Structures are given as C-alpha cells and as structure tokens.
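Let me begin by presenting the structure, written as structure tokens, before commenting on it.
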Amino acid sequence: LFRTQERRSLGKGGFGEASLALRHGKTIVLKKIGCASVNDANQALLEASCLQRLSHPGVVRFEDVFLHRHEAGGVSVCVAMEYCAGGDLIDRMACRRGELPLLETQMVSFLSTLCRTLYYV
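Numbered according to the working numbering, the sequence shown terminates at residue 244, and the numbering increases by one at each position without gaps.
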C-alpha cells in the first residue's frame with residue numbers, strides 16, 4: 124500500500140501539481156496529474172512508464188506511480204519521484220541559495236553533463 128504524507132506544495136503547472144511528501148520515512152516529490160478522462164489517465168500512465176525505464180545520474184529517479192480517486196469524482200495519476208534537495212540548475216545559476224556565481228569551468232561542466240543526459244534520453 125502506498126501511503127504518503129504531503130508536506131508542502133512545490134508548484135503548479137499546466138499538467139498538475141508537485142508536492143514535497145514523505146513516504147516510508149523518505150522525502151520524495153509527488154506529482155499529481157488531474158485527469159478529466161480515461162484517455163488522459165492512460166496518457167499520464169504511459170508517460171510514467173517511460174520515466175520508469177530511465178536510469179541515468181542526470182535524470183531524476185522514478186519511485187512509483189498510482190491512481191488517486193477523488194471523493195467528488197475524477198482521478199489523478201500520482202508519480203513519486205526522487206527529491207533533489209539542492210534545487211535545480213536554474214536555481215543554481217540564479218544564486219537563489221546565496222551561492223557564489225558559477226565559474227566558466229563550472230558552466231562548461233554543467234553543459235557537458237546536460238548534453239550527455241539529453242543524449243541518453
């Protein structure tokens with residue numbers, strides 16, 4: 124049985140909402156994709172199955188996927204993903220956590236890693 128304890132919202136986008144959650148004592152990101160139809164749910168589950176097959180140090184790790192039925196009707200596909208406590212590259216480039224600006228060599232290293240990851244995907 125998949126039990127999560129949601130802690131706080133991380134943000135909303137065009138396809139759903141991401142929240143910080145706790146699962147079996149481990150912090151994860153829970154992405155909830157609201158589905159208006161069975162076709163929408165099938166599409167979200169198909170995308171989750173693609174994520175499940177990815178295994179690369181540059182790609183956030185897939186943990187689990189499940190359906191959540193809403194009391195008022197409807198369903199959400201919930202995708203549990205690895206939580207990256209250090210933030211994302213945009214946060215780092217903007218020095219949002221008080222870091223020093225990136226050196227040129229660090230930028231080249233990030234770009235190289237990004238290119239290798241995109242090649243993998």
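Every residue, glycine too, gets a C-beta built ideally from N, C-alpha and C. Owing to the predicted nature of the structure, the values given are computational and were not obtained by experimental measurement.
query	result
By how many angstroms is the C-alpha of Leu226 removed from the C-alpha of Glu186?	34 Å
Quick one: Cα of Leu124 to Cα of Val244, how far?	Bear in mind that the predicted position of Leu124 carries a pLDDT of just 46, short of 50, making it unreliable; the figure below should be weighed with that in mind. One C-alpha to the other measures close to 30 Å.
Go ahead and label His139 buried or exposed: buried means 16 or more other beta carbons lie within 10 angstroms of its beta carbon, across all protein chains shown.	According to the sequence provided, residue 139 is Gly. The question's His does not apply to it. Gly139 is buried by the Cβ-count criterion.
Taking Glu205 as the reference, give the member of Tyr242, Gly197, Gln229, His179 with the closest Cα.	His179
Can you give the Cα-Cα distance for Ser232 and Ser160, rounded to whole angstroms?	43 Å
Work out the CA separation of Leu212 and Cys218 for me, nearest whole Å.	10 Å
Expressed to the nearest angstrom, what Euclidean distance is found between the alpha-carbon atoms of Thr127 and Glu170?	21 Å
What three-state label does DSSP hand Gly136 in the structure shown?	coil
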